[in-house]
Amino acid sequence: MSVVELFYSLQGEGRFTGVPAVFIRLAGCTNACRWCDSKASWTLDGHPQRTVDAIVAQALLFPSRMAVITGGEPLLHPLDALCDALKRHQFRLHLETSGTASLSGVWDWVCLSPKRHRPPRPAIYPAADELKVVIETAADFAWAEENAAQVSPACLLLMQPEWSRRKTILPPVIDYIQQRPQWQLSLQTHKWLHIE
Ligand code: SF4
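If you count the sequence shown from 1, position 88 lands on 385 in my numbering, and the numbers rise without skipping.
So, in structure tokens, the structure goes:
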């Protein structure tokens, strides 16, 4: 598999904020989001090729048994073998996806972060445990509701102010959530804390 980086940190966003985890960032993404903070992961080429066994061996060097598979868009890779191998070592498996490719792997937690310019495949919605919608402009509130209408009733609904616009968009996001308490605020705490 083409791996951009494997590192140990705290989950910075969403329901598991603050939980230590091994992050496995897989290469490849065609979504080209303006605000992407991992543009180095867009290309499949130019990153180390690792076997599943090598990825698992590196993940086992860290004490947490929570692994976050992220990208890029990790679903561009078939993920069943990686999930199987990590599960054999009792990892809790989290997926971070835009939902623009077919779901593979078996997951303990799926974070779906839909992109307005590249909508998710409909089949991903029932699998989402957490819907995390980046709010860049006021138009994204309607986009968030469109997506919320498609996930399961148990799915956590999160709005996350786009980092570069946080000063202007955070107040309307807070106001929106206060008026619609089915939503919660997600912050990119790793950026506030200046950690990876
Ligand atoms: S889906 Fe994620 S990795 Fe891909 S361009 Fe958008 S923010 Fe970047």
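Built from N, CA and C at the ideal position, the CB exists for glycine as well. These numbers were taken from a predicted model, which means no experiment stands behind them.
Classification of residue i by the beta-carbon crowding that lies within 10 angstroms, buried from 16 upward
i, result
"K336", "exposed"
"Q308", "buried"
"V403", "exposed"
"D377", "exposed"
"K464", "exposed"
"P371", "buried"
"W332", "exposed"
"W406", "buried"
"P360", "exposed"
"H414", "exposed"
For residue i, three-class secondary structure by DSSP
i, result
"I321", "strand"
"F438", "helix"
"L341", "coil"
"Q476", "helix"
"Q308", "coil"
"T367", "strand"
"L358", "coil"
"V301", "strand"
"W406", "strand"
Residue i CB to nearest heavy atom of ligand 1 below 8 Å
i, result
"E370", "yes"
"N328", "yes"
"D437", "no"
"D334", "yes"
"W440", "no"
"S449", "no"
"W460", "no"
"K412", "yes"
"S395", "yes"
"W339", "yes"
CB contact check: residue i to chain C, cutoff 9 Å
i, result
"Y305", "Looking at the structure shown, chain C is missing, and only one protein chain is on hand."
Check your understanding: Fully enclosed by the segment 373 to 402, which alpha helix (DSSP H) runs are 4 residues long or longer?
Key -> 377 to 384
Check your understanding: What are the uninterrupted segments assigned as alpha helix (DSSP H) that are 4 or more residues long and contained completely in the segment 416 to 465, given in chain order?
Key -> 436 to 445
Check your understanding: Between the segment 417 to 434 and the segment 336 to 347, are three or more C-beta pairs nearer than 8 Å?
Key -> no
Exercise for review: Please confirm if the segment 477 to 491 is in contact with the segment 454 to 461, defined as three or more CB-CB distances below 8 Å between the two stretches.
Suggested key: Short answer: they touch.
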